Structures are given as structure tokens and as C-alpha cells.
Amino acid sequence: MEMIGLTKEEWYARLFERLGRSKFRSGFHLTQKDIDYIHEKGLDTIRQHARDFIAQREAPAFIPNDGKQTPMRGHPVFVAQHATATCCRECIRKWHTFAPGVELGPRQQEYLVDVIMTWIERELEAAGDKIILYQRCNDK
Numbered sequence: 000m001e002m003i004g005l006t007k008e009e010w011y012a013r014l015f016e017r018l019g020r021s022k023f024r025s026g027f028h029l030t031q032k033d034i035d036y037i038h039e040k041g042l043d044t045i046r047q048h049a050r051d052f053i054a055q056r057e058a059p060a061f062i063p064n065d066g067k068q069t070p071m072r073g074h075p076v077f078v079a080q081h082a083t084a085t086c087c088r089e090c091i092r093k094w095h096t097f098a099p100g101v102e103l104g105p106r107q108q109e110y111l112v113d114v115i116m117t118w119i120e121r122e123l124e125a126a127g128d129k130i131i132l133y134q135r136c137n138d139k
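Following numbering that gives the first Met the number 0, the numbering of the sequence shown begins with 0 at its first residue and continues without gaps.
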């Protein structure tokens with residue numbers, strides 16, 4: 000994570016702009032089922048799930064099934080991981096500049112979790128905006 004000279008906000012703005020230009024990454028969105036699950040569990044629980052997934056699936060120095068350890072769906076965090084390129088060590092290397100073959104430390108893991116949660120929160124806001132716009136159109 001090369002944030003030298005950048006604030007977190009500047010780094011995230013650049014990161015999410017780049018992710019948005021990727022046809023693959025920008026194609027991921029939360030489904031209504033994902034949104035309902037988040038509402039049922041709460042963001043604190045989802046954040047803990049993200050911590051657990053990153054610690055178990057991404058943090059080890061060597062991952063035998065790297066590139067295949069994160070399902071494409073089935074949990075909002077999995078969707079977010081693909082959208083934010085936090086799904087495997089190769090994507091983490093390419094997009095977040097973490098060296099391969101080195102265990103991810105607590106700060107690196109928390110950064111990845113924060114990126115995931117930032118994306119999820121943006122998705123929830125976008126879904127809320129769509130709901131509000133839909134309601135406004137139907138109120139007329």
C-alpha cells in the first residue's frame with residue numbers, strides 16, 4: 000500500500016476510481032439478498048466476518064489455492080473482495096502493492112478490511128439512493 004504523501008481519503012479516492020474503471024471489478028454489486036443479510040447481521044458483524052476471511056484466506060504468506068480461495072457469491076464480503084481486489088494475494092499485490100510471499104500483518108489486514116467495508120457502505124448508500132429515487136418517481 001503506497002500511500003506515501005497521500006491522505007487516506009486521497010488514496011481511497013484513487014483506488015476506487017481505478018477499481019471503477021475495471022470492467023471486471025465494477026461489475027460486482029450487492030444483491031438484495033446481500034443487503035438484507037447485512038441489515039439482519041449489522042455492519043459490526045459483517046466487519047468481523049471480513050476480518051476472519053482476510054485472516055484465514057489472505058493473510059498467510061503462502062496460500063495453496065491462491066486465486067481460488069474466495070467464492071464469487073454467497074456472502075456480501077466475498078462480493079466486496081472481488082470488487083475491491085482483496086480476493087487473492089495476486090490481486091492484493093497488483094492493486095494494493097503488498098509483497099507476495101510475506102504474511103500480512105495486523106495493519107495490512109485491517110487496511111484490507113477497511114477497503115472492503117468502505118465498498119460495502121458505498122453499495123448500501125447507492126442502494127438507498129436508488130430506493131429513494133424510485134419512491135420519489137412513484138410519488139408523482
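In this text, a Cβ means the ideal position worked out from N, Cα and C, and glycines have one as well.
Just so we're clear, the structure is a prediction, and the values are computed from it rather than from any experiment.
Spatial neighbours of residue i in its chain, beta-carbon cut-off 7 Å, leaving aside the 5 residues before and after
i: D33; result: P75 and V78
i: Y11; result: T117
Close-in-space but distant-in-sequence residues of the same chain around residue i (CB under 6 Å, 5 per side omitted)
i: K40; result: none
i: G127; result: none
Boundaries of the alpha helix (DSSP H) in which residue i is found, first to last residue
i: Q47; result: L42 to F52
i: E9; result: K7 to R20
i: E102; result: Counting along the chain, E102 falls outside any alpha helix (DSSP H), and DSSP gives it neither H nor E.
i: R24; result: Run containing R24: none; DSSP gives neither H nor E here.
i: Q80; result: P75 to A82
i: C90; result: R88 to H95
Contact belief for residue i with residue j at Cβ below 8 Å, rounded distance in angstroms
i: T69; j: Q55; result: Wrong, their Cβ atoms sit about 11 Å apart, outside the cutoff.
i: A82; j: H95; result: With a Cβ gap of about 13 Å, A82 and H95 do not count as contacting.
Selected residue, minimal CA-CA separation from residue i, among the options
i: A98; options: V114, K67 and A58; result: A58
i: P53; options: V112, L123 and E120; result: Pro is not the amino acid found at residue 53; the sequence shown has Ile there. Of the listed residues, the one whose Cα sits closest to I53 is V112.
i: E102; options: R88, W118 and L42; result: R88
i: E120; options: S25, G19, L5 and I37; result: I37
i: Q47; options: I115, E124, A125 and L123; result: I115
i: R152; options: R50, E16 and K7; result: Since the first residue shown for the chain is 0 and the last is 139, residue 152 is missing from the structure and cannot be characterised.
i: C86; options: G66, G73 and L29; result: G66
i: S21; options: C90, A125, D43 and R72; result: C90
i: G73; options: D35, R13 and L14; result: D35
Sequence-distant residues of the same chain with beta carbon closer than 8 Å to residue i, five excluded per side
i: R92; result: A98 and P99
i: R135; result: Below a pLDDT of 50, predicted positions are generally treated as unreliable, and R135, at 49, falls in that range; the measurement from the model is reported next regardless. Cβ neighbours of R135 beyond the five flanking positions: none.
Is it a yes or a no for the region 106-117 touching the region 59-69, going by three-plus beta-carbon pairs under 8 Å?
Taking a contact to require three or more Cβ pairs closer than 8 Å, the region 106-117 and the region 59-69 do not qualify as touching.
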